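Engineer: Residue numbers (my numbering), protein chains in the order written: chain A, 381 to 1122; chain B, 381 to 1122. Below: one structure in structure tokens.
2 protein chains.
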Amino acid sequence: MATQEFTIVGTSAERVDGVDKVTGRAKFTGDLAVPGMLNGKFLRSPYAHARILSIDTSEAEKIPGVVTVLTSADLTGLNPYLKGKDHPILAIDRALYAGQPVAAVAAMDEMTAQEALGKIKVEYEELPAVITCQDALADGAPEVHPFAPKNICFKDHLEKGDVEKGFAEADEIVEDTFEFPMIYHYSMEPHTAIASVDENGVTVWTSTAHPFGVRQDVAEVFNCPLSQVRIILSFVGGAYGSKSGGKIEPLVAALARKSGKPVRVTQDVSEAMMTVRRHSVTCKVKLGAKRDGTLVAREASIYLNTGAFAENGPSVTTRTLIRILGPYRVPNLRIDSYCVYTNTVSGASFRSIGGPQTAWANESQLDMLAQKLRMDPVELRRKNLLNRGEELRPKGKPLDANLFEGFDKVLKKIGWTGPVTEKGGGRGIAFGVTDPGAPLASTATVHLLSDGSVVLLFGTAEIGQGSRTIMSQIVAEVLSVPLDRITVRPPDTAFTPFDRSTGSSRSTTVMGKALQLAAEDARRQILDLAAGHFEAPLEAITLKDGIAEAGGKKVSYGDLIRRHFAMQGGEIIGLGYAHSGMATKPSNPLFWEVGIGAVELEVDRETGEIKLGKYIMAADVGKALHPLNCEGQDEGAAMMGIGHSLYESIIYENGQIVNPNLVDYRVPRFNDLPAEYDSILVENADGPGPFGAKGMGEGGIIPVAPAIGNALAWSTGVRVKELPLTPERVWQALKAKMDPNR
Amino acid sequence: MATQEFTIVGTSAERVDGVDKVTGRAKFTGDLAVPGMLNGKFLRSPYAHARILSIDTSEAEKIPGVVTVLTSADLTGLNPYLKGKDHPILAIDRALYAGQPVAAVAAMDEMTAQEALGKIKVEYEELPAVITCQDALADGAPEVHPFAPKNICFKDHLEKGDVEKGFAEADEIVEDTFEFPMIYHYSMEPHTAIASVDENGVTVWTSTAHPFGVRQDVAEVFNCPLSQVRIILSFVGGAYGSKSGGKIEPLVAALARKSGKPVRVTQDVSEAMMTVRRHSVTCKVKLGAKRDGTLVAREASIYLNTGAFAENGPSVTTRTLIRILGPYRVPNLRIDSYCVYTNTVSGASFRSIGGPQTAWANESQLDMLAQKLRMDPVELRRKNLLNRGEELRPKGKPLDANLFEGFDKVLKKIGWTGPVTEKGGGRGIAFGVTDPGAPLASTATVHLLSDGSVVLLFGTAEIGQGSRTIMSQIVAEVLSVPLDRITVRPPDTAFTPFDRSTGSSRSTTVMGKALQLAAEDARRQILDLAAGHFEAPLEAITLKDGIAEAGGKKVSYGDLIRRHFAMQGGEIIGLGYAHSGMATKPSNPLFWEVGIGAVELEVDRETGEIKLGKYIMAADVGKALHPLNCEGQDEGAAMMGIGHSLYESIIYENGQIVNPNLVDYRVPRFNDLPAEYDSILVENADGPGPFGAKGMGEGGIIPVAPAIGNALAWSTGVRVKELPLTPERVWQALKAKMDPNR
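Next comes the structure, spelled out in structure tokens:
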């Protein structure tokens, strides 16, 4: 790659939304008020599965200040199902999980709405429920949906080579079952939406990562053209997949429709937990190797608990087929993955869908194999790790990264001498290499105004990831304008060009590309104006800091625009479709996302507590457009990984979530971080994004759990196959090892 | 011209905003509420000219509910002058006209704000004032501004040929002075604005015809980039020039800045009258002709009373140089025009700036010449009327219309047999041919969404003229989509591409062109997708009703977009700059706007009342994109002309407007309309706009007054040279004629 000189890209510029956020003046959806707005609340099913025999709203409606009580009887004229047939916006006839909205109230204030919920009389007939995949797949289990026999929502399959033959040739075979729990995203901001419906359409102010996905969902529910649905975003206080596509918005809009007034619904954490979560997964994995460590066959059966509704469970299911593979050369494969309905809240998108769950199985199992082979786990990985250009996914895009580079850097940084430290602690390492999806449909416009200020319109939600800063950097670099001259407009689907979504590590790569193309389009137009102004050839013109120069003469972009438009103001618009610049075959994945993690830990044998000493991670980012932001993404992702590795799990008892709050659902705190917590960026400018960038931010979460589980196993000899590795669970395992008869 | 087949353009489609307006659900700025909004009021100078010695706000500030009292002392950090040096947003040191804002209050409600105005103690030293041009130009007159000696704000001059020689060759010379009064626009909606100011910029919701002009003005006052000022429009209840550029918005924004909260100011009619008005004009005109009626020389001195501030007075002044000419061949010309400061509310834009005032002089004088020459006024006009291609303005664009066609049609329709009817009534005819300006800077985007719905972003304000419908028709025609699939977004400068302004007959021609180009750009992209889809050459593809077809196979635009973007949604954006498609040399005017009016009337000799029997008008529209709308524009313009011809005048007494309300300021009512009131559209598809359209809507106001004045003169023998032709004024003239010694 030719070396390119940058002035703005590659620097850790001050965040363009930084001052607004640290001063608290940044507006989130919950900070908004819409004139005449009511406050809404949802009544939720207390049963995991129940027939709704009747709903009597009359007492609730009598309460002064109550404007609307909405039940499924009020959905006339709407299509009440989200994305397909299984997910009504409000329970119809049956409630399918504890927490499903059954009715909704809009009132003058939240207290009154809350009071009204208590006055709605719902007569239920409780039905038998299935909570786990095991429950759901058992013979004779009750069926969640009549159209899904045996509760199979979806299944998918991947095969390569001849697995039987592969295992027959293996010298060692390991076979195990790993459990990954349900996890809640725990965004700082739970789901919040304000909706307003009138004759001209639906407007929703919402905290979402997918403004255009919400538009699509609301348009489908309301049977109206996309142009009549307007989704307006403020800042979003975290998403991590919990805000991918329509969540509470269609129901809030239905409530607003009946109310004839705007309605706001602000969920608390327990309600957000009853909205979406990560898929819990059971992985049955089998791996065969030659004595020298060469992998020869892998078989896996993966069961995803997708909850009551499909959401994107089928996509997650398909994704696990690849994600269980890891970046290793295995000639014979057979993977089956099952998406299973249960009477629980729906599984949905979550940072690296299906990634941590499957890596927990395959990267743990790799170390179990190493133990059997008496090999260093680093050696085993090195032996099987794919080289750049090798096939990872059958018939898919070849690996587009040098995995050894990051691997070596991580090992060096953590001081790898083997899986056991001098003090008897453990070391673990794992990979997270995935196909991030990164769908291509992004569109953006760059507007150069007549005073030289620049406005960017693009649909990426600023969910905390710093996209406003990075996109501004890309445009500032291409257009040669100072960064502070750029203003980013938050997405408003009435005006903002289409973007597929914010997530799946796509924004910098795909939307960034759209913005790069849009800025190049605007740059070409400015160059044309400058050429005309100076009566000089294009090659004679240089652009710098918002000034065009030729032959020692200078003119500002603003002056060029004003002159072009006869001093009447004016504006240059650059347009970019990511799609046009990036179409590749095979297009999936656009790039391979690479995360690597290594841990050093000690285990308190008295309490079972795992104490992390070092955690070193690496991400292959192609080109770090904003290095500090990249590090923040990677360290944040690993922090989330530490959460599900050591602390987090949504616990169901008798069909109910029993820990829906910060006290009972433990997330990592800053003092849970290892003393040494470092991230390494691998940069070879080999990504398809702007300036060689590739997506990141998901890779970092994947290797954490197996790295920790492996270090635990190497240092203590106990292999725990179920997350999280709580002190109690570890202590039990240690105890069981000491007293195997217990 | 080749005949073009249209399916949507040229039909009088239902107005896209029609149902919203007739049901009353259309939102105007006054219907909006912004959360936390205060209500503001302006304290106005009671003196036409006074020094402000002190302002004591302490009592006003003590009133409970008063949040802010703003005086010029609070403008620190702002640039308090609008567009140049003469117009502060709030009086500084001196008040220059009665009604000028001197202080402003923001309070919890309007009543409290009103109460607070009464508690602000302003100590004034009254100064001598000048109200008329005559006052202002008198020797030793007080000067309104220290920088404008003799109160001359601006002057301009036009010369051609040799006027002295021309008059020397003339057989007849007429020389007269005509007076045109101050007129108020009387939009149904007075000026209303809501402003909000925070660290990230200024947002203003306002009733304006120039969203981008207001943006410019606010950015200048606030010393900030254009990108930090956001102007949001709803429907606008009429403008007619009264809402061209920043009016109350900068002051409301300054009030919001000090308040730290949004502030709304809703003016009543008397306040709107103290904001802007049409220039009153004195025209001294001299015209020479040969005995056969051939015009040989014209001289004119034009004095425009521009009030206390320049506003666009200089532009109006320059425009009168051309507008005094009329569409007649006069080889020798000398025109001087003076823009004069006085201590009155500022003159500003008003439907056909400088047009009715100058036509009142030149078209009246033409009939006076005809009377002297004993010629039929139609004959005199026909003799001197320019042919297509002849020069109208020296060195300007040649006449691009056939004036005889409309002239003949009007004469035929009114049944012209001469200027006196069989019953002794009068007939009058006049032309209004002007250079409408129509500046070229318009930009638009057309967004084709993945369900085939279409969104238009353009900056034209819907001020009642029907622009949303016409622009939708243009795009529907070009893109071949049904009209009801199109949604127009109201202008919001945060997102909407730049547009110079709504006015000067430019929107259909210039913005329409931008939209036509944008739609063509989108159409090309759809054709490309269709060619790829069908694997067919572009020529094989036809587009109709949102469907692409080739070889008998069909696909919807939405499906094409979804497939192109890999079924992930998507959007096609078409971009149009009017400028690129239309640049002409000489570029001013882009086209000549043609209006023709003829009247038949009777005069009640007892009361002096003029009773209009017929009014026939013609407009050369090039191509009527929406015929009913064109007729509505022309008839509305003529109705306004009837207003200033017979009823309207802002009356100043002792420096004060004494008739600032609908009772004392008489506007025409429906039963003031002539029994026969017809408009004729001349269509030769010879305009520079879409499909050959050219601007209209201003031409119709120009000929009304001279046509009526001429008919009055022919039927009664009295020539009244001052408008309006009220019964009292006519009666006095009739009386004076009968008793010349009176």
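For each residue, glycine too, the CB sits at the ideal point set by N, CA and C. Predicted, not measured: the structure shown is a model, and the values here were computed from it.
Got a sec: is the Cβ-Cβ distance from HIS913/A to anything in chain B below 8 Å?
Structural biologist: By this cut-off, HIS913/A is not an interface position.
Engineer: Where do the ends of the beta strand (DSSP E) carrying VAL868/A lie?
Structural biologist: Where VAL868/A is concerned, the enclosing beta strand (DSSP E) stretches over 866-869.
Engineer: Are the CB atoms of LEU470/B and PRO481/B nearer to each other than 8 Å?
Structural biologist: Yes.
Engineer: Any idea if LYS1117/A is buried or exposed, counting beta-carbon neighbours within 10 angstroms, 16 or more meaning buried?
Structural biologist: That one is exposed.
Engineer: With the cut-off set at 8 Å, would you say GLU629/A and ALA575/A are in Cβ contact?
Structural biologist: The answer is yes: Cβ separation under 8 Å.
Engineer: Between the stretch 826-847 of chain A and chain B, which residues of the former have CB atoms less than 9 Å from a CB of the latter, in chain order?
Structural biologist: Hits within the stretch, in order: HIS827, LEU829, SER830, ASP831, GLY832, SER833, VAL834, VAL835, LEU837.
Engineer: Using 8 Å as the threshold, is the C-beta distance between VAL720/A and LEU517/A below it?
Structural biologist: Result yes, Cβ atoms of VAL720/A and LEU517/A sit closer than 8 Å.
Engineer: Measure the CB-CB distance between PHE408/B and SER614/B and report whether it falls below 8 Å.
Structural biologist: Taking 8 Å as the Cβ cut-off, PHE408/B and SER614/B qualify as a contacting pair.
Engineer: Using the beta-carbon count (16 or more within 10 Å), is HIS959/A buried or exposed?
Structural biologist: It is buried - the Cβ of HIS959/A has at least 16 other Cβ atoms within 10 Å.
Engineer: Taking C-beta pairs closer than 8 Å, name the residues in chain A that THR867/B reaches, listed in chain order.
Structural biologist: Residues of chain A passing the Cβ test: PRO605, SER607, GLN608.
Engineer: Assign ARG657/A to buried or exposed, taking buried as 16 or more other Cβ atoms, counted over all protein chains shown, within 10 Å of its Cβ.
Structural biologist: When all chains shown are included, ARG657/A counts as buried.
Engineer: Residues bridged to MET997/A by DSSP?
Structural biologist: MET997/A is bridged to GLY977/A, SER1059/A.
Engineer: If the cut is a Cβ gap below 7 Å, which residues of chain A does PHE592/B touch?
Structural biologist: Residues of chain A passing the Cβ test: GLY949.
Engineer: I need the straight-line Cα distance from ASP672/A to GLU1015/A, nearest angstrom please.
Structural biologist: When rounded, the distance between both Cα atoms is 35 Å.
Engineer: Does GLN596/B get closer than 8 Å to chain A when you measure Cβ to Cβ?
Structural biologist: Taking Cβ atoms only, chain A reaches closer than 8 Å to GLN596/B, which makes this a yes.
Engineer: Is ASP1000/A closer than 8 Å to GLY786/A when the C-beta atoms are compared?
Structural biologist: Yes, these two residues count as a Cβ contact at 8 Å.
Engineer: Output the distance between the C-alpha atoms of ALA690/A and LYS893/B, rounded to the nearest integer angstrom.
Structural biologist: Computed Cα separation, rounded: 48 Å.
Engineer: Are LEU836/A and VAL861/A close, meaning C-beta to C-beta below 8 Å?
Structural biologist: Not a contact, by the Cβ cut-off of 8 Å.
Engineer: Between ARG644/A and chain B, is the shortest Cβ-Cβ distance under 8 Å, so that the two count as touching?
Structural biologist: No, ARG644/A lies away from the interface with chain B (no Cβ there is under 8 Å from its Cβ).
Engineer: I need the straight-line Cα distance from ASN692/B to THR882/B, nearest angstrom please.
Structural biologist: Taking the straight line joining both Cα atoms gives about 15 Å.
Engineer: When the cut-off is 8 Å and only beta carbons count, does GLY961/A lie next to chain B?
Structural biologist: Here GLY961/A scores only 48 on pLDDT, less than 50, and its place in the model should not be relied on; the value that follows carries that caveat. Judged by the 8 Å Cβ criterion, GLY961/A is not in contact with chain B.
Engineer: Report back the beta-carbon spacing between GLY946/B and ALA821/A to the nearest angstrom; my notes put them in contact at under 8 Å.
Structural biologist: The question names Gly, but residue 946/B in the sequence shown is Ala. Rounded, the Cβ-Cβ distance is 7 Å, consistent with contact.
Engineer: Can you check DSSP and say which residues form a bridge with ALA677/B?
Structural biologist: DSSP, once it has assigned bridges, lists GLY668/B, ASN712/B as partnering ALA677/B.
Engineer: Taking contact to mean at least 3 C-beta pairs separated by less than 8 Å, is the stretch 831-848 of chain A in contact with the stretch 867-878 of chain A?
Structural biologist: Yes: the two stretches touch, three or more of their Cβ pairs being nearer than 8 Å.
Engineer: Along the stretch 560-594 of chain B, what residues have a CB closer than 9 Å to any CB found in chain A?
Structural biologist: Residues ASP578, GLU579, ASN580, GLY581, PHE592, GLY593.
Engineer: Starting from ALA821/A, find everything on chain B with Cβ-Cβ shorter than 8 Å and list it in chain order.
Structural biologist: By Cβ distance, chain B contributes PHE945, ALA946, GLN948, GLY949, GLY950.
Engineer: May I ask you to list, following chain order, the residues of the stretch 853-877 of chain B that have a beta carbon less than 9 Å from some beta carbon of chain A?
Structural biologist: Hits within the stretch, in order: ARG865, ILE866, THR867, ARG869, ASP872, ALA874, PHE875, THR876, PRO877.
Engineer: I think LEU418/A touches ALA486/A, with their Cβ atoms under 8 Å apart; what is that distance to the nearest whole Å?
Structural biologist: With a Cβ gap of about 4 Å, LEU418/A and ALA486/A count as contacting.
Engineer: Around the Cβ of VAL1038/A, are there at least 16 other Cβ atoms within 10 angstroms (buried) or fewer (exposed)?
Structural biologist: Result: exposed.
Engineer: How would you write the range of the alpha helix (DSSP H) that ASP454/A sits in, first residue to last?
Structural biologist: Per DSSP, ASP454/A belongs to no alpha helix (DSSP H) and is neither H nor E.
Engineer: May I have the straight-line CA-CA distance separating GLY706/A from VAL661/A, to the nearest angstrom?
Structural biologist: Looking at the two C-alpha atoms, the distance is approximately 17 Å.
Engineer: Could you round the C-beta distance between GLY975/B and GLY1080/B to whole angstroms and report it? I think they count as a contact, below 8 Å.
Structural biologist: Confirmed, Cβ separation roughly 5 Å.
Engineer: Under three-state DSSP, which class holds THR964/B?
Structural biologist: Here the model assigns THR964/B a pLDDT of 48, short of 50, so the residue's position is not dependable and the matter cannot be decided.
Engineer: Output needed in chain order: residues of the stretch 409-441 of chain B with a Cβ under 9 Å from some Cβ in chain A.
Structural biologist: Correct list: LEU412, ALA413, VAL414, PRO415, GLY416, MET417.
Engineer: Would you verify that the beta carbon of ILE794/B is, or is not, closer than 8 Å to some beta carbon of chain A?
Structural biologist: ILE794/B does not count as touching chain A.
Engineer: What are the boundary residues of the alpha helix (DSSP H) that LYS442/A is part of?
Structural biologist: Counting along the chain, the alpha helix (DSSP H) containing LYS442/A begins and ends at 438-442.
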